[in-house]
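To convert, take the position in the sequence shown, counting from 1, and add 747; that gives our numbering. Don't be surprised by glycine CBs; every beta carbon is placed ideally from N, CA and C. Report on the structure given below.
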Amino acid sequence: QADPSISRQAQHAFNKQGLDFRFGTQIDSCEIKKEHVLLGYSENNQKRLEKFDKVLVAIGREANTTGLVADDCPLQIDDHGVILVDEHCQTNLENVYAIGDAVRGPMLAHKSSEEGIMVAELIAGHHASIDYEHIPYIIYTNPEIAWCGLTEPQLKKQDTPYKTGLFSFSANGRAHAGGETTGLVKVISDAKSDRILGVHMLGPHVSELIQQAVIAMEFRASTEDLALSMFAHPTLGETFHEAVLDVDDRSIHKLKIG
């Protein structure tokens, strides 16, 4: 789940594009009428019927393991069809592993691929593991959304003291040159150790920029570590550098009011 501040900014950007968000609705019926789709839904306890050119169904996914094994096979599968595995993707059966969308965790291609590599290495007798805390999440909208690590609500729930830094793409030269200035970068760090706990992005090419955060967090970097690192200019990556600096109110190009 994206950080709430990023979600709000994203919805604002999408509203400006003409997208109409209607939350708390329930689809009651869907019927194809010639070249249109007649959609019936409930909103605020009222029945509505509208005609659309196209309807995209995106209601999530679940593990497709029905009929995967014989009824008398002792492989452990939960009520949602998810195969139960340990941190190395090994099932309750000796020499049987399961990876990807069939097991716990996010249904992401890169997560599945890394699990497959880990299992192959383990079978070959090598050491291998995956750090599930630092999986990059990306939503390929325009502008893009990407994040890694913890959100503010998660840290509040854990009673973990934290600091945040923000920087907008509207103050980035490369973003202006490309005509894509919507979005921001948010960095969250531990208030005591300064270790980076989460990075959340909305903007141009953040699906690429988030890798900087993944590497930094994988090596347990602090905001001070990145603040002392040199970022090339002009680049979109400078937004990450400025957000890191802003954690301690040291951003160079952020407009300060008051």
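- Under the DSSP assignment, histidine 988 falls outside any beta strand (DSSP E), being part of the alpha helix (DSSP H) whose first and last residues are 985 to 993.
- With contacts defined by Cβ atoms closer than 8 Å, glutamate 790 and arginine 769 form a contacting pair.
- For glycine 920, the CB contacts under 6 Å within the same chain, skipping 5 residues up- and downstream, are Pro981 in chain order.
- Separation of threonine 929 and alanine 960 (C-alpha to C-alpha, rounded to the nearest whole angstrom) is 20 Å.
- In this structure phenylalanine 914 touches leucine 931 by the C-beta definition: roughly 6 Å separates them, less than 8 Å.
- Note on isoleucine 864: under 16 other CB atoms within 10 angstroms of its CB, so exposed under the neighbour-count rule.
- By the neighbour-count criterion, in which a residue is buried when 16 or more other Cβ atoms sit within 10 angstroms of its Cβ, serine 860 is exposed.
- The Cβ atoms of glutamate 891 and histidine 952 sit closer than 8 Å to each other.
- Under the 10 Å beta carbon count, methionine 964 is surrounded by 16 or more other beta carbons and is classified as buried.
- Going by beta carbons, isoleucine 830 and alanine 805 fall outside the 8 Å limit.
- Residue Leu949 holds the alpha-carbon nearest to the alpha-carbon of histidine 759 among Gln793, Leu949 and Ile935.
- The continuous alpha helix (DSSP H) containing glutamine 901 extends over residues 899 to 904.
- According to the DSSP assignment, phenylalanine 799 belongs to the beta strand (DSSP E) that extends over 793 to 799.
- Scanning the segment 903 to 927 for uninterrupted beta strand (DSSP E) segments of 3 residues or longer gives 909 to 915, listed from N- to C-terminal end.
- DSSP links glycine 945 through a beta bridge to Gly896 and Ile935.
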